[in-house]
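**Q** What follows is a single structure, and I will ask about it in a moment.
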Amino acid sequence: PVDADDPQERADLVFREARIAGMITDAGYLPADTGDARELFASATPHPSTSAVPVVAPPTVEDDAWIIF
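Okay, so the sequence shown: first residue is 6 according to this note's numbering, each after it adds one.
Structural data, given as structure tokens:
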């Protein structure tokens with residue numbers, strides 16, 4: 006995992022080894038410079054599961070997110 010308090014060198018190492026396709030940040034989706042990025046939803050219509058009311062509030066920029074690979 007990479008934490009916001011980690012040095013930039015750690016983030017660079019982890020992201021390089023993970024060969025990420027992009028990052029989701031509070032500014033939106035940031036594609037990586039290389040890689041085969043794929044759309045999460047290929048069609049214009051949403052997946053049926055998205056029509057339900059969420060059980061919990063959506064995450065905010067104040068919430069931590071851990072990516073494990």
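Here a beta-carbon is modelled for each residue, glycine too, at the ideal position from N, C-alpha and C. Note that the coordinates shown come from a computational prediction; the quantities given were computed from them, not determined experimentally.
(1) First and last residue of the beta strand (DSSP E) that includes residue 36?
(2) In the DSSP output, which residue or residues are listed as bridge partners for residue 25?
(3) Could you tell me the alpha carbon to alpha carbon distance between residue 73 and residue 67, rounded to whole angstroms?
(4) Measuring straight from C-alpha to C-alpha, what distance separates residue 35 and residue 62?
(5) Can you tell me the Cα-Cα spacing of residue 6 and residue 69, whole angstroms?
(6) Determine, for residue 69, whether the minimum Cβ-Cβ distance to residues of chain C falls below 9 Å.
**A** With the given structure in hand:
(1) Here the question's residue 36 lines up with position 31 in the sequence shown. DSSP places residue 36 in the uninterrupted beta strand (DSSP E) bounded by 33 to 36.
(2) Here the question's residue 25 lines up with position 20 in the sequence shown. When beta bridges are read from the DSSP output, residue 25 appears opposite no residue.
(3) Here residue 73 refers to the residue found at position 68 when the sequence shown is read from its first residue. Here residue 67 refers to the residue found at position 62 when the sequence shown is read from its first residue. Distance from the CA atom of residue 73 to the CA atom of residue 67, rounded to whole angstroms, is 19 Å.
(4) Counting from one through the sequence shown, the residue named residue 35 turns up at place 30. Counting from one through the sequence shown, the residue named residue 62 turns up at place 57. So the alpha carbons of these two residues sit roughly 24 Å apart.
(5) Sequence index remark: in the sequence shown, residue 6 carries index 1 (1-based). Sequence index remark: in the sequence shown, residue 69 carries index 64 (1-based). For residue 6 and residue 69, the distance between alpha carbons rounds to 11 Å.
(6) In the displayed structure, chain C is absent; only one protein chain is listed.
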